[in-house]
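Just so we're aligned, residue 39 is where the sequence shown starts under the numbering used here, counting upward by one. Ideal Cβ positions, reconstructed from N, Cα and C, are used throughout, including at glycine. Structure, as structure tokens:
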Amino acid sequence: MATVELTTANFDEVTASDGIVLVDFWAEWCGPCKRFAPVYERSSEKHPEITFGKVDTEAQQELGAKFDIRSIPTIMAIRDGVIVFAQPGALPESALENLIEQVQALDMDDVRKQLANHQH
39 MATVELTTAN
49 FDEVTASDGI
59 VLVDFWAEWC
69 GPCKRFAPVY
79 ERSSEKHPEI
89 TFGKVDTEAQ
99 QELGAKFDIR
109 SIPTIMAIRD
119 GVIVFAQPGA
129 LPESALENLI
139 EQVQALDMDD
149 VRKQLANHQH
């Protein structure tokens, strides 16, 4: 599956669904973003069950501000509507694959429990 362009219009709809959504916050002028793009694209082809989204931080400045994106590329992982990972920096392919494995292995009931406890 190819990557999906995420905008303020579709971000919440795409990321609120069940399953895993990876989000790459990037910009056209960003060298590391351009180098990371083919790695991200290859990974999207290997994992058709995962939604791979891209947010152009220049065109979608509201989303960049909403998630306090200060450095790009920033990779965010969302599972079942919950942000479970967010980190700036381009990942090597092996690290991206490792991240995907870790997100797939999460016990989401446990994650929700921890979030609920954390919010009190």
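Rounded separation between residue i and residue j - CA only
i: Glu83; j: Glu135; result: 12 Å
i: Gln140; j: Trp67; result: 31 Å
i: Gly119; j: Asp145; result: 14 Å
i: Val157; j: Pro70; result: According to the sequence provided, residue 157 is Gln. The question's Val does not apply to it. Approximately 35 Å between the Cα atoms of the pair.
i: Lys104; j: Pro130; result: 26 Å
Where residue i falls: helix, strand or coil (DSSP)
i: Thr45; result: coil
i: Phe74; result: helix
i: Gln152; result: helix
i: Arg108; result: coil
i: Thr89; result: strand
i: Gln98; result: coil
i: Ala40; result: coil
Selected residue, minimal CA-CA separation from residue i, among the options
i: Trp64; options: Leu153, Arg73, Gly127 and Thr95; result: Thr95
i: Ala97; options: Thr45, Ile110 and Thr53; result: Thr45
i: Ala133; options: Ala47, Glu43, Ser81 and Gln99; result: Ser81
Outcome for residue i when other beta-carbon atoms lying within 10 angstroms are tallied against a minimum of 16
i: Gln91; result: The sequence as given places Gly at residue 91; Gln does not occur at that position. By the neighbour-count rule (16 or more Cβ atoms within 10 Å), Gly91 is buried.
i: Ala143; result: exposed
i: His117; result: Sequence inspection shows Arg at residue 117; the His mentioned does not correspond to that position. It counts as buried.
i: Ala40; result: exposed
i: Gly57; result: exposed
i: Pro76; result: exposed
i: Asp62; result: buried
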